[in-house]
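Numbering (UniProt numbering), first residue to last: 1 to 493.
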């Protein structure tokens, strides 16, 4: 009966797990529930953004299981599975915020984001009783799930493409490389060549080094420019999938054209293996209305693969002016002071063949000195990178460099996104790019449903007053929403 009920809830047949089988009732010691004050406070927090959600929480065993269910639903695709994935994500967020480990179902039965989730509760209960979930074990051992994880790890490859390749009976990266029926995009070709690098977690040290490199170039081009590491690193994580850098300037408008010049400078020093530039599509209408399906904002940005010299991946010393590790460091100097544009410039890091780079890319910042012209160059670069001929020119630099997958090269590939934001939108952009994804969804739902406002990474729009609301800091955004401020490390929903 339990299996039949679950199938009706999910809208499709589900695997028979240990939880569905008849068994002798296990003797579970019921302990006292959480103190009533804590539970009342927690249950009153309807939205994840109202809760304190630390990175290191008390219920990782349960949340890991729920996140596997979420990923499995995402891989399946379709609206129904998207709803299921969201339910698993909400349940996981609820457990992450609990102030102590769950030891009894009594402690979770009435939580806002679990009380209607029979599937989630069944998994939690089985883990409490058996120490594991047979459903999770079945998913992890399933060839389809393993293959989907492998394929979606390719840069530029989503779940839909991965399902298509699986249906073509492809099971490995070599299968993809050798299949004549597979037409890889530029991103996917890079994703295959740099698969191991891109799927190796980026360390905090590496993120800081990349930030310093980009900041040094930005400072040379536009004094006062700021480059901030966002994402999980801002929330306290020690590793991440990529590095997200938010670039701005205290003076509104000075950031225009900066991205193209930074990319030119990085290209000349051979720090970039791949770039995909998107021009700003911002308008005030973008703030006034947000679509649930829309996950990207409208900032000017570049998705890139960064060549990080191997000797900079080790947190065992700073660079001297000749690009080598200092034997002794000056403790009076900060890491930023020791890693400057001068120390970065002479790095002998990788194959360099400027003949294969488009001449317009190499000479752009020399032939265009004013900001408005640079802004036009950003558009030109975006169009150039977006064309098949342009992409082939840039790709050839790496393909002619030798074998990319061997250990012979003295650099590693890291995914780096550079996002340009004007100062008036900086606080909103910073909050959006810090995340987490669940926190952003929650605070935007709260703004819409409780405050009749639209919150995006560009601003806050009061639909009652039909007016935009400005904010210089993240704290001011919380104040406008009448929410208690949460530090970034408390947003790990």
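Just so you know, even glycine gets a beta-carbon here, dropped at the ideal spot from N, CA and C. Owing to the predicted nature of the structure, the values given are computational and were not obtained by experimental measurement.
As the crow flies, the alpha-carbon of residue 213 is around 11 Å from that of residue 220. In terms of Cβ geometry, residue 148 and residue 75 form a close pair [threshold 8 Å]. With respect to the 8 Å criterion, residue 467 and residue 194 are not classified as neighbours on the basis of their beta carbons. Residue environment for residue 485: exposed (fewer than 16 other C-beta atoms within 10 angstroms of its C-beta). Beta-bridge pairing by DSSP links residue 420 to 247, 300.
Here the C-alpha atom of residue 161 lies approximately 11 Å from the C-alpha atom of residue 185. Between the alpha carbons of residue 192 and residue 85 lies a gap of roughly 28 Å.
With a cutoff of 8 Å on beta-carbon distance, residue 471 and residue 428 are scored as near each other.
Taking a contact as a CB-CB distance under 8 Å, the pair residue 298 and residue 458 counts as one, their CB atoms being some 7 Å apart. According to the DSSP assignment, residue 469 belongs to no alpha helix (DSSP H) but to the beta strand (DSSP E) extending over 467-469. Judged by DSSP secondary structure, residue 123 falls within the alpha helix (DSSP H) whose first and last residues are 118-130. Listed in chain order, the non-local C-beta contacts of residue 73 below 8 Å within the same chain comprise 81, 82, 84, 85, 88, local neighbours out to five positions each way being set aside. The count of Cβ pairs closer than 8 Å, one atom from the segment 269-277 and one from the segment 443-450, stays below three, leaving the stretches out of contact. Sequence-distant Cβ neighbours of residue 187 in its own chain, meaning closer than 6 Å and more than five residues away, are 155, 156. Rounded to whole angstroms, residue 424 and residue 282 show a C-alpha spacing of 13 Å. Relative to the Cα of residue 304, the nearest Cα in the group 253, 314, 258, 243 belongs to 243. By the Cβ neighbour-count rule, residue 238 is exposed, with fewer than 16 other Cβ atoms within 10 Å of its own. Under the DSSP assignment, residue 228 falls in the beta strand (DSSP E) whose first and last residues are 226-229.
Closest in alpha carbon position to residue 489, among 69, 178, 97, is 97. Taking 8 Å as the cut-off, the Cβ atoms of residue 222 and residue 254 count as close.
For the segment 426-468, the continuous alpha helix (DSSP H) assignments of 4+ residues that do not extend past its boundaries occur at 426-434, 437-451, in sequence order. Residue pairing from DSSP places residue 53 in a beta bridge opposite 491. Annotated as proximal: residue 66 and residue 91, with beta-carbon spacing under 8 Å. Residue 146 is classed as exposed because its beta carbon has fewer than 16 other beta carbons within 10 Å across all chains shown.
Distances from the alpha-carbon of residue 309 to those of 409, 50, 203, 68 put 409 closest. Look at residue 88 here: in three-state DSSP terms it is helix. In the three-state reduction of the DSSP assignment, residue 45 falls in the coil class. Setting aside the 5 residues that flank it on each side, residue 77 is surrounded in the same chain by 159, each with a C-beta closer than 6 Å to its C-beta; the list follows chain order. The straight-line gap separating the alpha-carbon atoms of residue 196 and residue 109 is approximately 42 Å.
Residue 63 has its alpha-carbon roughly 13 Å from the corresponding atom of residue 126. Secondary structure note for residue 276: its beta strand (DSSP E) is the uninterrupted segment 272-278. In this structure the segment 99-108 touches the segment 126-141; the number of beta carbon pairs closer than 8 Å is three or more. In the DSSP secondary-structure assignment, residue 412 is bridged to 308. DSSP places residue 182 in the coil class of the three-state scheme, outside both helix and strand. Residue environment for residue 437: exposed (fewer than 16 other C-beta atoms within 10 angstroms of its C-beta). With respect to the 8 Å criterion, residue 114 and residue 68 are not classified as neighbours on the basis of their beta carbons.
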